[in-house]
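Notes to accompany the following structure.
Protein chains in written order, with our numbering: chain A, 1 to 114; chain B, 115 to 227.
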């Protein structure tokens, strides 16, 4: 089956620094990638949708200057949390779609900002 | 617009008894529907999916779900719960080409010995 690898699985960073999370589709070309955020004991909230080679589309309320998304190739998308603060601590999950009705999820990244 | 309702935020069953996790959806067009499971501090694992083929869908670990268009439901069932089934379960509806992947709020399943 299709595999999506997300790295790192856990990261701790200092307040004010930036963190980059990678999402790779290992055995298929992902025309679209999605980034989600999950608060403790809550469901997944879609942050943005990115198509290869074009700018990401952000959901309402998501700061695009804070959460930079790059989808430079058909197998890689990155999410950079800039100037991270403790309130950005969360579980971030990516998913990738190859143009069908199904998307495949990464393992998630637990971000802790101290 | 699409939406998903999971009627129970928490379900508790005894080991060996049946599991029923309820999901209702709203969609402007023929949806694809999924159930995912998430164990604590883990990513998402696909249990099963419905994509307009057979209405009774069998998934992994003994789970199955039935798509009922008239009731706009896609309830998840398992005949006999196992301790390892304790986790968070998400019902998801997808529209065109993987876009608009909408998650339900989740149901936490507890399995008692």
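Note that beta-carbon positions come from the ideal geometry of N, C-alpha and C, so glycine has one too.
Please return the same chain residues whose Cβ sits closer than 6 Å to the Cβ of residue i, not counting the five positions on each side in sequence.
i: residue 220(B); result: 202, 204
i: residue 227(B); result: 129
i: residue 96(A); result: 4, 25, 30, 33, 104
In whole angstroms, what is the alpha-carbon distance linking residue i and residue j?
i: residue 140(B); j: residue 32(A); result: 23 Å
i: residue 136(B); j: residue 104(A); result: 23 Å
i: residue 3(A); j: residue 27(A); result: 6 Å
i: residue 225(B); j: residue 73(A); result: 43 Å
i: residue 186(B); j: residue 52(A); result: 34 Å
i: residue 150(B); j: residue 158(B); result: 6 Å
i: residue 44(A); j: residue 206(B); result: 10 Å
Can you have a look at residue i and say buried or exposed, based on whether 16 or more other CB atoms are within 10 angstroms of its CB?
i: residue 24(A); result: buried
i: residue 145(B); result: buried
i: residue 60(A); result: exposed
Note down, in chain order, each residue of its chain lying with its Cβ closer than 8 Å to the Cβ of residue i, except the 5 sequence neighbours on either side.
i: residue 62(A); result: 47, 48
i: residue 114(A); result: 12, 13, 14, 15, 86
i: residue 132(B); result: 191, 192, 193, 194, 195
What does residue i pair with, by DSSP beta-bridge criteria?
i: residue 78(A); result: 22(A), 70(A)
i: residue 28(A); result: Answer is none; residue 28(A) lacks a bridge partner.
i: residue 47(A); result: Residue 47(A) pairs with nothing; no bridge assigned.
Among the residues of its own chain, which have a CB less than 7 Å from the CB of residue i, if the five just before and after it don't count?
i: residue 88(A); result: 81, 111, 113
Verify the contact flag: residue i, CB atom, against every heavy atom of the ligand ZN, threshold strictly below 7 Å.
i: residue 199(B); result: Although the ligand ZN was asked about, the structure shown includes no ligands whatsoever.
Got a sec: which bits of the segment 148-165 of chain B sit with their beta carbon under 9 Å from any beta carbon on chain A, in order along the chain? Per Cβ criterion, the list reads 148, 150, 152, 155, 156, 157, 158, 159, 160, 163, 165.
Quick one, which residues of the segment 51-74 of chain A are near chain B if we go by CB-CB under 7 Å, in chain order? Flagged: no residues at all.
Could you list the residues in the segment 1-13 of chain A with a C-beta less than 7 Å from some C-beta on chain B, going in chain order? Under the 7 Å Cβ criterion, the segment 1-13 of chain A contributes no residue.
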